[in-house]
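Heads up, the thing below is written out as structure tokens.
Numbering (this note's numbering), first residue to last: 55 to 434.
As structure tokens, then:
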């Protein structure tokens, strides 16, 4: 069988900071996957393990139908969980030819670790829910967040490149004031993984983000990956690893670093309720899919704003969203909820909250919903 061969990582200085990079080979050619951080985090880059690169590249190996040959050391736990659990499951769920990882140097001894606890800081609903439950209250001290991260691994542009990197830097500037106010360091990681994979971000996001975190195993001993879906929607969906992230996080953990899918028991509406009562979110909540400025009119802005309105908290968030754009689309969105809730989990959650709180539905939305239902019947 043909192989995707991954070499031991190395650290390379750059104009922007320092890179952890690894050469990989397939089809007679070679390329380099890298993760770049500020120079002050140099000592935390995990040059001793190939873990980050195996997780970052295994879907590429699946796409090509190649086994993976590791010329270096891999964490024994990760080697076991990938070969015995995650890779067979991925092949089954996505319809790929099964592949294996081959490595002669399995290492079970933990690395020296700074004991950090990290989570991504997108300033979205999922992120703020994780922050609310892991900065205070009942969370044990060793599990309280000590570092925020912000990665350029696909959320700023699936295929990467200059535009994605520019948006990444813009978004860093948007979230940094939140980190500063909370008194927590923000670690940024740039990467070329998008240019390497050429795969959709939605179908690969869990593995991209975890690969970047594994590059910093000497910093983190715990990392929280904010769940996008409640466990009530757990499903092995071919194009959505987020639906089974509670499984993925266990399979991607190592002897050094434990991953957790946070708040998996809460629905989107329940998370939004928590966030709507968190004061910093009134200044920093950011859900926009356009360019990070809370346009008020994109799908995520409208969904979030309407949920907040149903919860009676819209006024508190009026200064950070374009409400003019929201009100132009609000009634049509309500109509969609009424018409399509039986086939959309998020809309069903919002509808149930509308009923529970006796939300007054506009007449236009009711009429438009009837039209949408009839049109759907006609086109079946």
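Yeah, the Cβ is synthetic: ideal placement off N, Cα and C, and Gly gets one too.
Note that the structure is a prediction, hence the values are computed from the model and not measured.
- Sixteen is the threshold: when 16 or more other Cβ atoms of the shown chains lie within 10 Å of the Cβ of residue 105, as they do, the residue is buried.
- For residue 100, no beta strand (DSSP E) run applies, since DSSP gives it neither H nor E.
- Within the DSSP secondary-structure output, residue 57 pairs in a beta bridge with 121.
- Comparing alpha-carbon positions, the option among 314, 400 and 294 lying closest to residue 321 turns out to be 400.
- If you draw a straight line from the Cα of residue 317 to the Cα of residue 194, it is about 16 Å long.
- Going by DSSP, residue 76 is part of no alpha helix (DSSP H) but of the beta strand (DSSP E) stretching over 72–80.
- Judged by DSSP in its simplified three-state form, residue 424 adopts helix.
- Counted as a single uninterrupted DSSP element, the stretch harbouring residue 341 is not any beta strand (DSSP E), since DSSP gives it neither H nor E.
- At a Cβ-Cβ threshold of 8 Å, residue 250 and residue 114 count as neighbours.
- Going by C-alpha positions, residue 420 is about 55 Å away from residue 155.
- By the Cβ rule, the segment 285–293 does not count as touching the segment 196–215, because fewer than three pairs are nearer than 8 Å.
- Secondary structure of residue 316 (DSSP, three-state): strand.
- Secondary structure note for residue 87: it is in no alpha helix (DSSP H), and the uninterrupted beta strand (DSSP E) holding it is 83–91.
- Shown here, residue 176 sits in coil according to DSSP, grouped into three states, outside any helix or strand.
- For residue 64, no alpha helix (DSSP H) encloses it; the enclosing beta strand (DSSP E) starts and ends at 64–67.
- At a Cβ-Cβ threshold of 8 Å, residue 314 and residue 261 do not count as neighbours.
- Scanning the segment 188–262 for uninterrupted beta strand (DSSP E) segments of 3 residues or longer gives 201–206 and 239–245, listed from N- to C-terminal end.
- With respect to the 8 Å criterion, residue 228 and residue 346 are classified as neighbours on the basis of their beta carbons.
- Around the beta carbon of residue 303, a 10 Å sphere encloses 16 or more other beta carbons of the protein chains shown; the residue is thus reported as buried.
- Excluding five sequence positions before and after residue 337, the CB atoms of its chain that fall closer than 7 Å to its own CB belong to 374, given in chain order.
- Comparing alpha carbon positions, the residue from 358, 121 and 177 closest to residue 151 is 121.
- For residue 274, the enclosing beta strand (DSSP E) has its first and last residue at 274–280.
- Straight through space, the alpha carbons of residue 392 and residue 343 are spaced by roughly 24 Å.
- Cβ neighbours of residue 182 within its own chain (closer than 7 Å, five residues either side excluded): 329, 332, 335 and 339.
- DSSP, read as helix, strand or coil, puts residue 291 in strand.
- Assignment of residue 185 by DSSP, reduced to helix, strand and coil, places it in the helix class.
- Distance from the CA of residue 78 to the CA of residue 246, rounded to the nearest whole angstrom, comes to 13 Å.
- Here residue 349 carries a coil assignment [DSSP, helix/strand/coil].
- For residue 153 against residue 108, the beta-carbon gap comes to about 12 Å, at or over 8 Å, which does not count as contact.
- Annotation: residue 350 to residue 368 spans about 12 Å, alpha carbon to alpha carbon.
- Shown here, residue 141 sits in a helix according to DSSP, grouped into three states.
- For residue 170, the secondary structure class from DSSP, reduced to helix, strand or coil, is strand.
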